[in-house]
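Peer 1:
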Ligand SMILES: NC(=O)c1ccc[n+]([C@@H]2O[C@H](COP(=O)([O-])OP(=O)(O)OC[C@H]3O[C@@H](n4cnc5c(N)ncnc54)[C@H](OP(=O)(O)O)[C@@H]3O)[C@@H](O)[C@H]2O)c1
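Residue numbers (my numbering): 12 to 467.
As structure tokens, this is what we get:
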């Protein structure tokens, strides 16, 4: 009350002066009421005929032939527009080439590795009918990860119904649009919990285990995830009477390895084959693709730093394109023949880590000093990095980096490789530019002609 008395009377306070907000037309528009404009426009356009419907519109949505032609045209145009390996065509040029292609009924040119970048709809005769043809239900543990989402997409296009068993299904909803309505269903499951594993595989035809970790955190230990959980999944699959189990391990999974990651993967493989001898195990080398954690990470660091620290620069890798890898998994589901074996999955090239970094730098057209860190110093750094919630690298990963990560001679001789499965792997040359160009200074555009090399 005393405060009120101190205040001056406010006869023209804010509330008294406030004007009613009226819609203000944008500059350049007259205040002629919209109704009058509408009537005028109808009168002026009355004698002009509306454009005739094309034959597809006349016949309605069931006109599949023209719809397919239209889809093919669009796909061909985008294929020409971003065809890897050759200089990308302009929009007009690609449209012209696509029109010619459709007119002449020629097959769309597919370069090595191009096939998988294209939407599978293009390859199908009837894109709408293809969905839902397959009645098999597949449960994928770890389906929300990098390999998982590509596998989900591939299997969805092949018509499988998919149950994605994840710890946080509400965060895996982005997987749903990869298939038809209701075809992909994220479900809560923690592979450390036997009950949720059993519930996730109830009534399924195929079980795929992709779940893994790269560093330990709390209860998520290598032993718990790679060994005990793998064993739990195999046991549950057997108990549920499911006939197909596919397990993903990693190259270098040896019981004698100095790395705990590799040892736990080896123990998991052993348990899987013990409980489920018909299981198929895949051991991939480095997997690359749009969301990978290797090439993308190198590219990010090259953008931020003038130098790139590298541990184990002489270690050899055989990177495999994620789409080739998922194709192999899908083939293993389709052809139930070779069960109870371990496939070693690698790409067509064997390169050292240093060569991989150099390849990344050449794709993103950046220069960076490659700084090789010796193993003793790397170990010292890892001790501190391990304390971070998401460590850049750990001691265990340094142990892993000491060993080559390539397909063994034995696997090649026995045909337990991608080639053995009848898959021709794609090279990095064709794939890397499709997702790394965003790290270039000029993005996906060609640098101006007069720009010197040092500016790039
Ligand atoms: N990417 C490579 O370069 C590479 C190389 C060699 C081998 N591999 C193998 O390939 C497989 C897939 O790799 P990736 O790169 O796709 O792995 P990723 O992206 O790390 O995905 C791992 C998945 O495992 C799930 N997971 C972890 N702990 C779980 C738990 N307790 N319960 C349920 N799910 C759990 C994660 O789900 P959350 O989101 O819930 O954590 C995630 O979806 C792995 O077995 C990996 O070892 C990959």
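Every residue gets a Cβ at the ideal spot worked out from N, C-alpha and C, and that includes glycine. If you're wondering where the values come from, they're calculated on a predicted model, not measured in any experiment.
Is residue 187 helix, strand or coil by DSSP?
Peer 2: helix
Peer 1: For residue 412, verify whether its CB is less than 6 Å away from any heavy atom of ligand 1.
Peer 2: no
Peer 1: I want to check one thing, is the minimum distance from the CB of residue 331 to the heavy atoms of ligand 1 below 6 Å?
Peer 2: Checking the Cβ of residue 331 against ligand 1 gives no.
Peer 1: With DSSP as the reference, please indicate the residues paired to residue 258 in a beta bridge.
Peer 2: 220 and 292
Peer 1: For the beta strand (DSSP E) containing residue 196, name the first residue and the last one.
Peer 2: Start and end: 195–199.
Peer 1: Please classify residue 388: does DSSP put it in a helix, a strand, or coil?
Peer 2: DSSP places residue 388 in helix when its eight states are reduced to three.
Peer 1: What did DSSP end up calling residue 251 once you bin it into helix, strand or coil?
Peer 2: coil
Peer 1: Given a cut-off of 7 Å on the beta-carbon distance, is the pair residue 217 and residue 344 in contact?
Peer 2: yes
Peer 1: Could you pull out every residue in the same chain whose Cβ sits closer than 7 Å to the Cβ of residue 41, ignoring the five residues on either side in sequence?
Peer 2: Low confidence applies here, because residue 41 scores a pLDDT of 44, under 50, leaving its location unreliable and the question unanswered by this model.
Peer 1: Please classify residue 228: is it buried, with 16 or more other beta-carbons within 10 angstroms of its beta-carbon, or exposed?
Peer 2: exposed
Peer 1: Quick check for students: name the residue ranges of the beta strand (DSSP E) that lie wholly in the segment 292–339, counting only runs of 3 or more.
Peer 2: Taking 3 residues as the minimum length, the beta strand (DSSP E) runs contained wholly in the segment 292–339 are 318–322, in order along the chain.
Peer 1: Tell me the residue span of the beta strand (DSSP E) that contains residue 176.
Peer 2: That run of the beta strand (DSSP E) goes 172–177.
Peer 1: Roughly how far, in whole angstroms, is the beta-carbon of residue 328 from the beta-carbon of residue 416, given that I think they are within contact range, below 8 Å?
Peer 2: About 5 Å separates the two Cβ atoms, so the contact holds.
Peer 1: Report the option in 341, 454 and 206 whose CA atom is closest to the CA atom of residue 248.
Peer 2: Minimum Cα-Cα distance from residue 248 among the listed residues 341, 454 and 206 corresponds to 206.
Peer 1: Do residue 257 and residue 311 come within 7 Å of each other at the CB atom, strictly closer than that value?
Peer 2: no
Peer 1: With a CB to CB cut of under 6 Å and the five nearest residues on each side skipped, what residues in its chain are close to residue 455?
Peer 2: 448
Peer 1: Can you tell me the Cβ-Cβ gap for residue 356 and residue 341, rounded? I've got them flagged as a contact below 8 Å.
Peer 2: Going by Cβ atoms, the distance from residue 356 to residue 341 rounds to 13 Å, so no, they are not a contact pair.
Peer 1: Can residue 202 be considered in contact with ligand 1, in the sense that its beta carbon sits closer than 6 Å to one or more heavy atoms?
Peer 2: yes
Peer 1: Between the Cα of residue 176 and the Cα atoms of 277, 244, 146 and 168, which residue gives the shortest distance?
Peer 2: 244
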